[in-house]
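Enquirer:
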Amino acid sequence: MEQLLIHTGPPVLSILIFLPLICAIPLLFNANERFARNWTLLVTSVAALYSLKLLFGFDRSVAAFQFCEKHTWIQALNINYVVGLDGISILLVLLTTLIMPFCVLASWTYISKRVRAFMVCLLVMESAMIGVFVALDFLLFYVFWEAMLIPMYLIIGIWGGPRKIYASIKFFLYTLAGSVLLLVAIIWLFVQNGYSFFIPDMMWKGYDFNAQILVFLAFFLAFAIKVPMFPFHTWLPAAHVEAPTAGSVILASVLLKMGTYGFLRFALPITPDATIYLAPAILWLSIAGIIYGGFTALAQSDMKKLIAYSSVGHMGFVTLGIFILNQQGIEGSILQMINHGVTTGALFLCVGMIYERTHSRELRSATGVGKFMPIYVTFLTFFSLSSFAFPGTNSFVGEFMILAGTFSFDVAHGKFPYLALAAIPGAVLAAAYMLRMLQKIIWGGTDNPDQSWLKDINKREIITLAPFLLFVFWIGLAPQHFLDLMHVSVANLLSQFAAYSGHGATAVGQLLP
Amino acid sequence: MVFLPELTVMAAGLVFFGLSLTASKPEVVRNTAYVFYAILSLVCLGTLHSSGELFYGAFRVDMFSQLSKLAIAVAAFIVVVICGGHEGIKEKFFPEYQLFQAVSVLGLMMLVSSVDLLAIFVALELSSFAVYVMVPIRRDNEGKMVIQLEAGIKYLLFGVVATGFMLFGMSYIYGLAGSTNIAVIAERLPDLLHEPALVIAAVMVMAGFFFKLAFFPFHFWVPDVYEGASNETTAFIAAAPKIAAVALLVRLASLFDIRGESIGIILAACAVLSMFYGNLSALVQKDIKRMLAFSGIAHAGFVMLGVLTFQTIGYASAAYYIFGYMLMILACFMVICCISKNGDNVAISDFTGLYQRSPLLAVTLLIALFSLAGIPPFIGFTGKFMLLVGAFKEGHHVLVTLAAINTAIGIYYYLSVVRLTFCTADESQESLVINKPNRFMQAISLVLIVAIIYFGVLPNHFLNLMQTALSGV
Chain X
399 MEQLLIHTGP PVLSILIFLP LICAIPLLFN ANERFARNWT LLVTSVAALY
449 SLKLLFGFDR SVAAFQFCEK HTWIQALNIN YVVGLDGISI LLVLLTTLIM
499 PFCVLASWTY ISKRVRAFMV CLLVMESAMI GVFVALDFLL FYVFWEAMLI
549 PMYLIIGIWG GPRKIYASIK FFLYTLAGSV LLLVAIIWLF VQNGYSFFIP
599 DMMWKGYDFN AQILVFLAFF LAFAIKVPMF PFHTWLPAAH VEAPTAGSVI
649 LASVLLKMGT YGFLRFALPI TPDATIYLAP AILWLSIAGI IYGGFTALAQ
699 SDMKKLIAYS SVGHMGFVTL GIFILNQQGI EGSILQMINH GVTTGALFLC
749 VGMIYERTHS RELRSATGVG KFMPIYVTFL TFFSLSSFAF PGTNSFVGEF
799 MILAGTFSFD VAHGKFPYLA LAAIPGAVLA AAYMLRMLQK IIWGGTDNPD
849 QSWLKDINKR EIITLAPFLL FVFWIGLAPQ HFLDLMHVSV ANLLSQFAAY
899 SGHGATAVGQ LLP
Chain G
53 MVFLPELTVM AAGLVFFGLS LTASKPEVVR NTAYVFYAIL SLVCLGTLHS
103 SGELFYGAFR VDMFSQLSKL AIAVAAFIVV VICGGHEGIK EKFFPEYQLF
153 QAVSVLGLMM LVSSVDLLAI FVALELSSFA VYVMVPIRRD NEGKMVIQLE
203 AGIKYLLFGV VATGFMLFGM SYIYGLAGST NIAVIAERLP DLLHEPALVI
253 AAVMVMAGFF FKLAFFPFHF WVPDVYEGAS NETTAFIAAA PKIAAVALLV
303 RLASLFDIRG ESIGIILAAC AVLSMFYGNL SALVQKDIKR MLAFSGIAHA
353 GFVMLGVLTF QTIGYASAAY YIFGYMLMIL ACFMVICCIS KNGDNVAISD
403 FTGLYQRSPL LAVTLLIALF SLAGIPPFIG FTGKFMLLVG AFKEGHHVLV
453 TLAAINTAIG IYYYLSVVRL TFCTADESQE SLVINKPNRF MQAISLVLIV
503 AIIYFGVLPN HFLNLMQTAL SGV
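Residue numbers (this note's numbering), protein chains in the order written: chain X, 399 to 911; chain G, 53 to 525.
(1) Determine which residues share a DSSP beta bridge with Ser166 (chain G) and list them.
(2) Measuring only the C-alpha atoms, how far is Ile689 (chain X) from Met627 (chain X)?
(3) Among X:Ala818, X:Phe721 and X:Met701, which one has its Cα closest to the Cα of Leu778 (chain X)?
(4) Could you give the uninterrupted runs of the beta strand (DSSP E) lying entirely in the segment 512-591 of chain X, keeping only those of 3 residues or more?
(5) Drop a sphere of 10 angstroms on the beta-carbon of Ala521 (chain G), count the other beta-carbons inside from all chains shown, and report buried for 16 or more, exposed for fewer.
(6) Please name the residue in G:Pro147, G:Ala125, G:Arg112 and G:Ile91 whose C-alpha comes closest to that of Gly65 (chain G).
(7) From Ala495 (chain G) to Leu537 (chain X), what does the alpha carbon distance come to, in whole angstroms?
(8) Leaving aside the five residues before and after Ser497 (chain G) along the sequence, list all residues of the same chain whose C-beta is less than 8 Å from its C-beta, in chain order.
(9) Which residues in the same chain have their Cβ closer than 6 Å to the Cβ of Ser483 (chain G), if we skip the five residues on either side of it in sequence?
(10) Sort X:Gly727, X:Ala515, X:Glu524 and X:Glu431 by Cα distance to Ile413 (chain X) and report the nearest one.
(11) Relative to the alpha-carbon of Leu836 (chain X), which residue among X:Ala818, X:Ile860 and X:Leu696 has its alpha-carbon at the smallest distance?
(12) Residues of chain X with CB closer than 8 Å to the CB of Asn397 (chain G), please, in chain order.
(13) Leaving aside the five residues before and after Thr694 (chain X) along the sequence, list all residues of the same chain whose C-beta is less than 6 Å from its C-beta, in chain order.
(14) Just checking: is the beta-carbon of Thr453 (chain G) within a distance shorter than 8 Å of some beta-carbon in chain X?
(15) Flag this pair as touching only if the segment 218-234 of chain G and the segment 247-260 of chain G have three or more C-beta atom pairs under 8 Å; answer yes or no.
(16) Since Ala456 (chain G) meets chain X, which of its residues come closer than 7 Å, beta carbon to beta carbon?
(17) State the Cα-Cα distance for the pair Ser594 (chain X) and Leu379 (chain G), rounded to the nearest angstrom.
(18) Which chain X residues are close to Arg471 (chain G), counting only those with a beta carbon under 8 Å from its beta carbon?
(19) Using only CA atoms, which one of G:Glu247, G:Leu170, G:Ala290 and G:Phe262 lies nearest to Ser231 (chain G)?
(20) If you measure from the beta carbon of Cys475 (chain G) to each beta carbon in chain X, is any gap under 8 Å?
(21) Kindly list the residues whose CB is nearer than 7 Å to the CB of Gly482 (chain X), restricted to its own chain and excluding five residues on each side of it in sequence; keep chain order.
(22) Among residues of its own chain, excluding the 5 on either side of Ile668 (chain X), which ones have a beta-carbon nearer than 6 Å to its beta-carbon?
(23) Tell me which residues of the segment 522-551 of chain X have at least one Cβ-Cβ distance to chain G shorter than 9 Å, keeping chain order.
(24) Can you confirm whether Ala548 (chain G), when its beta carbon is compared against all beta carbons of chain X, has any partner nearer than 8 Å?
(25) Does the beta-carbon of Val582 (chain X) have 16 or more other beta-carbons within 10 angstroms, so that it is buried, or is it exposed?
(26) What is the rounded straight-line gap between the Cα of Ser72 (chain G) and the Cα of Tyr149 (chain G)?
(27) Would you please verify whether the beta carbon of Leu909 (chain X) is less than 8 Å from any beta carbon of chain G?
(28) Looking only at its chain, what residues have a beta carbon closer than 6 Å to the beta carbon of Pro409 (chain X), apart from the 5 residues adjacent to it on each side?
(29) Output needed in chain order: residues of the segment 466-479 of chain X with a Cβ under 7 Å from some Cβ in chain G.
(30) Excluding the 5 residues preceding and the 5 following Leu411 (chain X) in the sequence, name in chain order all residues of the same chain whose CB lies nearer than 7 Å to its CB.
(31) What residue range is occupied by the uninterrupted beta strand (DSSP E) comprising His638 (chain X)?
(32) Applying a beta-carbon distance threshold of less than 7 Å, which residues of chain X neighbour Met438 (chain G)?
(33) Give the single residue among G:Pro269, G:Phe268, G:Thr286 and G:Phe267 whose Cα lies nearest to the Cα of Asp276 (chain G).
(34) Can a CB atom of chain G be found closer than 8 Å to the CB of Gly575 (chain X)?
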């Protein structure tokens, strides 16, 4: 248990997990829709402010899990309620809590039917998402991981677009089918570790190589579907396109990160040998995702689909950074997870605002709005620049670190940097598809539809978008604030990886510069 | 005192018999049933800690049997409440119907206490015969009596064949061991374990329980009977006999240590076949009761994972799972009874847009179905998880993997019902009449929801109780 720093004082993490869940109860008994909106905004804002306590209490100089709480849960199987936070998860938790109030704001007028039920789903989602990132007991993790499917399914299935049924079922089946074997892997690890589900105890154990491969594949299936990595991505465009704005934002900003978080938290430390063995394949899959996402996004006429495919590309960068297994790459990946959460979340909000006005997601019907919605296109421009990693914005830092890490990975292997060069076209493609969209939305052509009736975004919408812009520049200009939080944890992960004296120790030596 | 629950049921049966002789009003019968099953549940609760033996050691009362009786009584109580309207039963037959249900409950209660082959046989027959009659008693809306009679005949024939096998097997066991008392047989078992005759006999005896449990390959009656019997009868068949069958299986398994023997392998194979058969067949069903019938076959396979561990915790998990199954399936049937018109069968498409018509029923159905599918944090997940862990610990790796894959298959058909309930707008059926759940039923529905979540999230108490109870077996 030495990996845990038990937290004295109020149980911050438990409060963050259960506050939204408990606060969903009053919604069941009050039929007033205005109350539902205001109350949910209040709850998510309180949770967001309270989560800042994590930031101030977080000790950046230790790699151990902090704010830990441990309670016995199911004695018969030695299952405990253990939660904790380290440098890898803290930013993701903060991203989740901070983004939720804006999801509520984005749904203010967008969701007009069954408002209460929608807000209940949002609150349940928030609980489950925070739970996933802080759970240190594998069963607890799995419970949150799966329980999240139900509210997300309902968000897409009830409030979604025309093809919501297809999209919601595909989302549910893909994710569930991916994670059933994860359950078997968890049980295997439980039996191997003296009947314990405690995650830190499962790490760096030197399991049998073949077993590691099988466990890794179970992890891979579950996490790669969630990320989603090429070729498991087909649920994503469908789900993104059909989901209501808040659903798309949650999906893009938080849900996709669970897959990459899973790789970092579980796949690397629990199955290091298998990671080294299978990393090349995953790296090339990431490259495939980057290129494929870029080209497909270039061909889309539906704005949401365009952003959805761009997510496939961006998440390809993240998995690339993780599996090159060096400090720059992994830190870049974590930063890129946050960046993608901020930027893509904001882009979905922007598309949602247009959709609320024109009731169409087609790029064709949104051309030439720059003249009539100047504030809106200003925001959109910055977010688009951020999306293709323009210097000065957040994504630039993340992508640059990942690419630099990839080069040094190739160099450390003493070979020509094929991998890094292969990723470069992805960055170019991103500029191409984002600029194409931006150009059409702002100026369009000679055959623009009549947009003169469009009203520019109102105060609520400005308040929704402004914080995203703040983070775009904050991370872009001063990434050190964010990198500091994760630095020690990532360094510790890699040093343990290097020190891991198993079957693959020599290979690790080659991998680490 | 130790026989008090059974005496209460007998008294209830006599009262219903008396009511059947007079022209009693349906409300009277219904209210009598509520009161009796409520009293019965309380009596079972009160006698939870009693223990003793009766009838020359053939009837054993311990905490395990009393807990099972409590579960059976609660199941019967919920069944009479959720099907309060008795839409599917002609009013003329109300008292008789209740009489048979009481007799069946009596048989099941005796079954969980039986520790003698003959007592088991008599109790099993008592509970079965009553149900043989209950199945064809169904309101006949078209004047054709076709499906209920087919169901009745099918249930009777399969039941009799299964019992025949069982009795035949028992005669072998008696011949080999020289006694009908289970404890005595268990003592002599080690010498007999490698006799082929014993394997055959044991498999035959199990046939009887597998019939009750709807376990492969004794599942053929299930879909047709579920479809043919009235909704309330099906709810009863789906919940109560399974509890008794699992309780008895657990009791037998804890006495006969047959780990690694050929019987265990046969059971494991049947469990896997049960899951695959049930889940794959359920995928294509259009009638909700048939779908639940096939899903029940799959769940029976899951329960067997717990029995196969031959460990206390495995048995406790199996008991936990079947208890959870009872809650989930009764929640489903509550919704079915409310949707059903005049007690007719309910097609899956009838759930279209239910969320708009009755949010409470829709949420009850949502939670019950996701729990059946094994999604956390509901009881169905926790139960499934513990069964998988138990089986994995015992080295049934392939079995566990196949079971996990089955979860992924199963989710599809549960989800398709949820999809219709929540995500499909109700266009044509806006006028569809449903039996508005009265306050009492709303309360039961809330209780079921809370129980499914509560026992799913905090199973500690239940498991500890079960383990204590099982240590006394």
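Glycine included, C-beta positions come from ideal geometry on N, C-alpha and C.
Expert: By the coordinates alone:
(1) Stepping through the second sequence from its first residue, residue 166 (chain G) is reached at position 114. Beta-bridge pairing links Ser166 (chain G) to G:Phe111.
(2) Locating residue 689 (chain X) in the first sequence gives position 291, counting from the first residue. Locating residue 627 (chain X) in the first sequence gives position 229, counting from the first residue. Cα to Cα, Ile689 (chain X) sits roughly 12 Å from Met627 (chain X).
(3) The residue given as residue 778 (chain X) occupies position 380 in the first sequence. When only C-alpha atoms are compared, the closest one is X:Met701.
(4) Listed in chain order, the beta strand (DSSP E) runs fully inside the segment 512-591 of chain X amount to none, counting runs of at least 3 residues.
(5) Within the second sequence, the letter at position 469 stands for residue 521 (chain G). It is buried - the Cβ of Ala521 (chain G) has at least 16 other Cβ atoms within 10 Å.
(6) The count along the second sequence starts at 1 and reaches residue 65 (chain G) at position 13. Considering only alpha carbons, the answer is G:Pro147.
(7) Sequence index remark: in the second sequence, residue 495 (chain G) carries index 443 (1-based). Sequence index remark: in the first sequence, residue 537 (chain X) carries index 139 (1-based). Those two C-alpha atoms are separated by around 32 Å.
(8) Translated into the one-based positions of the second sequence, residue 497 (chain G) becomes position 445. Ala383, Met386, Leu412, Leu413, Thr416 and Pro489.
(9) The residue you call residue 483 (chain G) lines up with position 431 of the second sequence. With a pLDDT of 49 at Ser483 (chain G), under the threshold of 50, the predicted position of this residue should be treated as unreliable, though the coordinate-derived value follows. Correct list: empty, nothing qualifies.
(10) Residue numbering aside, residue 413 (chain X) sits at position 15 when the first sequence is read from its first letter. The candidate whose alpha carbon is nearest that of Ile413 (chain X) is X:Glu524.
(11) Along the first sequence, one-based indexing puts residue 836 (chain X) at 438. Closest in alpha carbon position to Leu836 (chain X), among X:Ala818, X:Ile860 and X:Leu696, is X:Leu696.
(12) As a working note, residue 397 (chain G) is residue 345 in the second sequence. What Asn397 (chain G) touches in chain X: nothing, since even the nearest Cβ is about 25 Å away.
(13) Position 296 of the first sequence, counted from the start, is the residue given in the question as residue 694 (chain X). Cβ neighbours of Thr694 (chain X) beyond the five flanking positions: Tyr707.
(14) As a working mapping, residue 453 (chain G) is identified with position 401 in the second sequence. Answer yes: the Cβ-Cβ gap between Thr453 (chain G) and chain X drops below 8 Å somewhere.
(15) yes
(16) On the second sequence, position 404 is the one that residue 456 (chain G) refers to. The answer, in chain order, is Val578, Leu579, Leu581 and Val582.
(17) Along the first sequence, read from residue 1 onward, the residue named residue 594 (chain X) stands at position 196. Along the second sequence, read from residue 1 onward, the residue named residue 379 (chain G) stands at position 327. Those two C-alpha atoms are separated by around 30 Å.
(18) As a first step, residue 471 (chain G) is located in the second sequence; it is residue number 419 there, counting from the start. What Arg471 (chain G) touches in chain X: Gly555, Ile563, Ser566 and Ile567.
(19) Residue numbering aside, residue 231 (chain G) sits at position 179 when the second sequence is read from its first letter. Nearest C-alpha to Ser231 (chain G): G:Leu170.
(20) Residue 475 (chain G) sits at position 423 when you count from the first residue of the second sequence. So, interface residue.
(21) By 1-based counting over the first sequence, the position of residue 482 (chain X) is 84. These residues qualify, in order along the chain: Leu402, Phe463, Gln464, Phe465, Cys466, Val532 and Leu534.
(22) For this step, residue 668 (chain X) is matched to residue 270 along the first sequence. Met600 and Met601.
(23) Leu537, Tyr540, Val541, Phe542, Trp543, Glu544, Ala545, Leu547, Ile548 and Tyr551
(24) Since the first residue shown for chain G is 53 and the last is 525, residue 548 (chain G) is missing from the structure and cannot be characterised.
(25) On the first sequence, position 184 is the one that residue 582 (chain X) refers to. Its Cβ being crowded by 16 or more others within 10 Å, Val582 (chain X) is buried.
(26) Residue 72 (chain G) sits at position 20 when you count from the first residue of the second sequence. Residue 149 (chain G) sits at position 97 when you count from the first residue of the second sequence. Taking the straight line joining both Cα atoms gives about 9 Å.
(27) In the first sequence, counting from the first residue as 1, residue 909 (chain X) sits at position 511. Below a pLDDT of 50, predicted positions are generally treated as unreliable, and Leu909 (chain X), at 45, falls in that range; no measurement from the model is reported.
(28) One-based indexing of the first sequence puts residue 409 (chain X) at position 11. Around Pro409 (chain X): Glu467.
(29) Ile472, Gln473, Ala474 and Leu475
(30) Within the first sequence, numbered from 1, the residue matching residue 411 (chain X) stands at position 13. Cβ within range, chain order: Phe465, Glu467, Val481, Leu483 and Val532.
(31) Residue numbering aside, residue 638 (chain X) sits at position 240 when the first sequence is read from its first letter. Here His638 (chain X) belongs to no beta strand (DSSP E); instead the alpha helix (DSSP H) covers Trp633 to Glu640.
(32) What you label residue 438 (chain G) is simply residue 386 of the second sequence in a count that begins at 1. Here the neighbours are Leu475.
(33) In the second sequence, counting from the first residue as 1, residue 276 (chain G) sits at position 224. Of the candidates G:Pro269, G:Phe268, G:Thr286 and G:Phe267, the one whose C-alpha sits nearest the C-alpha of Asp276 (chain G) is G:Thr286.
(34) Sequence index remark: in the first sequence, residue 575 (chain X) carries index 177 (1-based). Checking the displayed sequence, the identity of residue 575 (chain X) turns out to be Ala instead of Gly. With 8 Å as the cut-off, Ala575 (chain X) counts as an interface residue toward chain G.
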